[in-house]
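Following: one structure in structure tokens, then a few remarks.
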Amino acid sequence: MKALSGRLYERDPSVVAEKLLGKRLIRKLNKEILEGIVVETEAYYGLDDPASRARHGLKNYNRLMWSEPGRAFIYNVHNNWMFNIIAHEPNEVGGVLIRAIEPTKGIDLMKRNRKVENLHDLTNGPGKLTKALKIDKGFNGVFVTSEESQIFIADNKMKIEIGRSHRIGVKRDLPTDLRFFIEGNQFVSKAL
DNA sequence: CGCCAGATTGACT
DNA sequence: GTCAATCTGGCGG
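Read in numbering that gives the first Met the number 0, the first sequence has 79 at position 80, and its numbers run on one by one without any break.
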């Protein structure tokens, strides 16, 4: 298992959001491995994106949106941690929100972390998966391109069909479809 | 400093 | 379907 390099994230957020589908998200927790397949993502941009954390310009709390592609950007919404990976072309701003994963390893521990038994309810939402994988603000800024980070993305040979839709839960969305998911997968947050 | 909104979730009128 | 919990940061709504 090898973390994918930062080059993957040096592209437009939409391209990265699509490329992350089917990849493995790996979380080392003490001696245990928690792992899942990325099945749903959303792309966020900079000042021109009314739903982006970067929309108000560079602030201390959102400065990671301007930083090196491949870093984690984590922040809180309604008491839930959102896990994003910074992704943009040089001198641009943007990131990708991981909205859902399909659990593959460490499922019992995920169930304990979430305090739920139902497999399909374990990681089918952005706040759910961070709780299952014990990801919080402490990981803000780490590089998911390094296995040392204890959170990283690895490749996966998988044939998938990709679906698109508007972003979920945002007040003001852009006219483009910026949510990507694996068609037919049972672990996406919402069937539309 | 107080109030409000938000890339959500879970419980329930 | 409706709605409140509860954290973080913006802004003076």
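Glycine included, every Cβ here is placed at the ideal spot set by N, Cα and C.
Integer Cβ distance of residue i from residue j, believed to fall under 8 Å
i           : j           : result
residue 159 : residue 21  : 5 Å
residue 37  : residue 97  : 6 Å
residue 192 : residue 129 : Since the first and last residues shown for the chain are 0 and 191, residue 192 lies out of range.
residue 45  : residue 91  : 7 Å
Inter-residue Cα distance where the pair is residue i and residue j
i           : j           : result
residue 62  : residue 120 : 32 Å
residue 242 : residue 40  : Residue numbering for the chain in the displayed model covers 0 to 191; residue 242 lies beyond these limits and cannot be assessed.
residue 234 : residue 82  : Because the chain spans 0 through 191 in this model, residue 234 falls outside it and cannot be assessed.
residue 50  : residue 147 : 32 Å
residue 176 : residue 168 : 13 Å
residue 104 : residue 118 : 12 Å
residue 161 : residue 14  : 12 Å
residue 114 : residue 108 : 10 Å
residue 166 : residue 48  : 12 Å
residue 184 : residue 59  : 37 Å
residue 52  : residue 76  : 11 Å
residue 111 : residue 0   : 25 Å
residue 72  : residue 125 : 13 Å
residue 149 : residue 35  : 14 Å
residue 33  : residue 26  : 5 Å
residue 2   : residue 174 : 34 Å
Proximity below 9 Å, CB of residue i to CB of residue j
i           : j           : result
residue 12  : residue 99  : no
residue 155 : residue 23  : yes
residue 101 : residue 180 : no
Among the options, nearest to residue i - alpha-carbon criterion
i           : options           : result
residue 70  : 167, 137, 123     : 137
residue 172 : 43, 128, 156      : 43
residue 8   : 51, 142, 163      : 142
residue 74  : 135, 15, 118, 161 : 135
residue 31  : 164, 132, 23, 189 : 132
residue 164 : 0, 3, 16          : 16
residue 67  : 46, 93, 157       : 93
residue 95  : 64, 0, 2, 116     : 64
residue 18  : 47, 157, 189      : 157
residue 10  : 84, 139, 34       : 84
residue 5   : 56, 170, 145      : 145
residue 188 : 127, 3, 140, 170  : 127
Checklist line | Residue ranges of each beta strand (DSSP E) within the region 22-67, 3 or longer | finding: List check, beta strand (DSSP E) in window: 23-28, 31-43.
Margin query: In chain order, what are the residue ranges of uninterrupted beta strand (DSSP E) at least 3 long that sit wholly in the region 86-145?
Written below: Runs found: 94-104.
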